[in-house]
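J.: The C-terminal position of the sequence shown is numbered 157 in my numbering, with every residue numbered one higher than the one before it.
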Amino acid sequence: MAIKAILWDFANVLCLPIEGRGHDFLSHALGVPAEALERYFQGALSKKANLGEISSRSFFGIILQDYGIAEDHLAQFFDYFLSSFMVNEPLIDFIKTLRGTTKIGLLSNYSDQLRMILEEKFKIADLFDDI
27 MAIKAILWDF ANVLCLPIEG RGHDFLSHAL GVPAEALERY FQGALSKKAN LGEISSRSFF
87 GIILQDYGIA EDHLAQFFDY FLSSFMVNEP LIDFIKTLRG TTKIGLLSNY SDQLRMILEE
147 KFKIADLFDD I
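1) Could you compute how far the alpha carbon of Ala75 sits from the alpha carbon of Leu63?
2) Can you give me the start and stop residues for the alpha helix (DSSP H) that Ile118 sits inside?
3) Can the beta-carbon of Phe107 be found less than 9 angstroms from the beta-carbon of Phe86?
4) Name, in chain order, the residues that DSSP records as bridge partners for Pro43.
5) Looking at C-alpha atoms only, which residue of His49, Ser72, Val39 is the closest neighbour of Glu61?
6) Sort Ile29, Phe111, Phe148, Ser81 by Cα distance to Asp138 and report the nearest one.
7) Determine contact between the stretch 147 to 154 and the stretch 111 to 118, defined as no fewer than three beta-carbon pairs at a distance below 8 angstroms.
8) Cα separation between Ser134 and Gln68?
9) Provide the residue(s) that pair with Lys129 in DSSP beta bridges, ordered along the chain.
Here it is in structure tokens:
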């Protein structure tokens with residue numbers, strides 16, 4: 027029986043954290059304690075964002091508000107956050123070899139910003155038959 031389709035996840039599969047660019051990097055760049063960022067990204071607020079109960083914009087906005095950072099820094103915060111990740115190039119190269127013979131899908135609860143990230147930041151959205 028031939029494999030007809032493969033589904034991939036985004037975080038920690040297609041997109042990998044860059045060494046040294048985790049919460050400490052964001053903490054230093056934004057002046058928010060690393061332990062606090064860890065609590066946000068591992069806590070109830072992150073879960074709400076992952077479930078779609080709040081938007082990514084709201085998630086990041088709450089962090090900024092809690093630390094007295096003006097909301098007009100939201101785009102900068104998100105850019106810093108995204109700069110902490112890189113595309114898993116060996117996996118992307120493998121996926122390219124499957125095009126035309128296997129349906130390729132992306133199934134992820136990553137963020138409501140996922141499509142924009144795939145299209146604009148990493149420019150890999152066209153690899154997938156369905157997202």
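Quick reminder that beta carbons are idealized off the backbone N, C-alpha and C, glycines included.
Here the structure is a predicted model, which is why all the values come from computation and not from measurement.
T.: The short version:
1) As a position in the sequence shown, residue 75 is number 49, starting the count at 1. As a position in the sequence shown, residue 63 is number 37, starting the count at 1. Answer to the nearest angstrom: the Cα atoms are 15 angstroms apart.
2) For the purposes of this step, residue 118 is taken as the residue at position 92 of the sequence shown. From DSSP, the alpha helix (DSSP H) with Ile118 extends over 115 to 124.
3) Translated into the one-based positions of the sequence shown, residue 107 becomes position 81. Translated into the one-based positions of the sequence shown, residue 86 becomes position 60. Yes, Cβ-Cβ distance for Phe107 and Phe86 is below 9 angstroms.
4) On the sequence shown, residue 43 is found 17 positions in, with the first residue counted as 1. DSSP output for Pro43 lists Phe111 as bridge partner(s).
5) Position 35 of the sequence shown, counted from the start, is the residue given in the question as residue 61. Closest option to Glu61, Cα to Cα, is His49.
6) Along the sequence shown, one-based indexing puts residue 138 at 112. Nearest C-alpha to Asp138: Ser81.
7) With three or more CB-CB distances shorter than 8 angstroms, the stretch 147 to 154 counts as touching the stretch 111 to 118.
8) As a working note, residue 134 is residue 108 in the sequence shown. As a working note, residue 68 is residue 42 in the sequence shown. About 17 angstroms.
9) Along the sequence shown, read from residue 1 onward, the residue named residue 129 stands at position 103. Lys129 pairs with Ala31.
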